[in-house]
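Residue numbers (the working numbering): 980 to 1310.
Note that beta-carbon positions come from the ideal geometry of N, C-alpha and C, so glycine has one too.
Because the structure is a prediction, the values reported are computed rather than measured.
Reviewing the structure listed below.
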């Protein structure tokens, strides 16, 4: 929000516009696009809040774009841009694809495959490091500053690696899970050459009462609050509302439960309440907040950001130690 205030920051009013009004306003302002999904962010609980995010499909293609509507006025604050247009989005794509996806002549998900492997390597390094330094508590905070550089780097490497290893393991496991899941999903859907559907018309009934769907969702899942809407991007897909429910678990994501409706009739199709799911399903849902570190406000974000930087430090100190020891062996 600080990087793009004109596109993402809005002045609040007493209430958001109705869902029907917002969808009609978006469709009117962006006639060359179809609404693919919608992240509901702006809330009337402070003077300034974040604009909603919408993801759009350009008609006649399967290309996705992004824009920011003001949920209090209906005005689209930014024209649709590619998903990696803004710096933060480009960095996100670099993070999980290395910018290697969708290169002509190569596997379209090559970058996702590479980063999945890197996540497994990160897990291996975290586990092996703890095994090697399994008696870490004896000297974890030892820093011999007056010794030669090799000794200092060795102490820094052990201390940083030991302290960061729990978070690095979490990042490796959660990031690896998501990338592997994405890669397998894409392979399963398109390994036979079947391409993504190119949208040419609206795939949901234009006369649906979305406000009614939103209100009905809480009838199927008590306490349900919609945070994300997935519109059909292929024929016969439903409209799915993702949302949060009162669980008492700070690690449960804001998208943990879903309610789906028929895209033509608006009839109820299916409800998925995270509170009724088995341990494994709940555990996997916690991966989202555990990976991004946003489960305890700025405190957890700062800790995650700090320790997320340690692989750079570990790579530098570890590389220096390896080179010095390699030279010593040659002698």
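Residue of 1301, 1257 and 1239 minimising C-alpha distance to residue 1250: 1239
Residue environment, residue 1049, which counts as buried when at least 16 other CB atoms sit within 10 Å: buried
Residue 1091 vs residue 1161 beta-carbon contact at 8 Å: yes
With 16 other Cβ atoms within 10 Å as the buried cut-off, status of residue 1307: exposed
Same chain, Cβ closer than 8 Å to residue 999, neighbours up to 5 away in sequence not counted: 1188, 1189 and 1190
Completely contained alpha helix (DSSP H) runs for the segment 1209-1289, where each covers 4 or more residues: 1258-1271 and 1276-1287
Rounded C-alpha distance that separates residue 1296 from residue 1137: 10 Å
Burial state of residue 1203 (16 or more Cβ within 10 Å): Buried.
Interface flag, residue 1111 vs chain D, CB-CB below 8 Å: Absent here is chain D; the protein component of the structure consists of one chain.
Three-state secondary structure (DSSP) of residue 1301: helix
Selection from 1097, 1175, 1036 and 1126 that minimises the alpha carbon distance to residue 1017: 1036
Span of the alpha helix (DSSP H) around residue 1140: Per DSSP, residue 1140 is one residue of the alpha helix (DSSP H) stretching across 1128-1169.
Start and end residues, beta strand (DSSP E) containing residue 988: 988-990
Among 1019, 994 and 1038, nearest to residue 1006 - alpha-carbon criterion: Comparing Cα-Cα distances from residue 1006 to each of 1019, 994 and 1038, the minimum goes to 1038.
Status (buried if at least 16 other CB within 10 Å, exposed otherwise) for residue 1282: exposed
Residues of its chain near residue 997, where Cβ-Cβ distance is below 6 Å and the 5 sequence neighbours each way are ignored: Contacts found: 1190.
Residues near residue 1143 by beta carbon distance below 7 Å, same chain, minus five either side: 1286 and 1289
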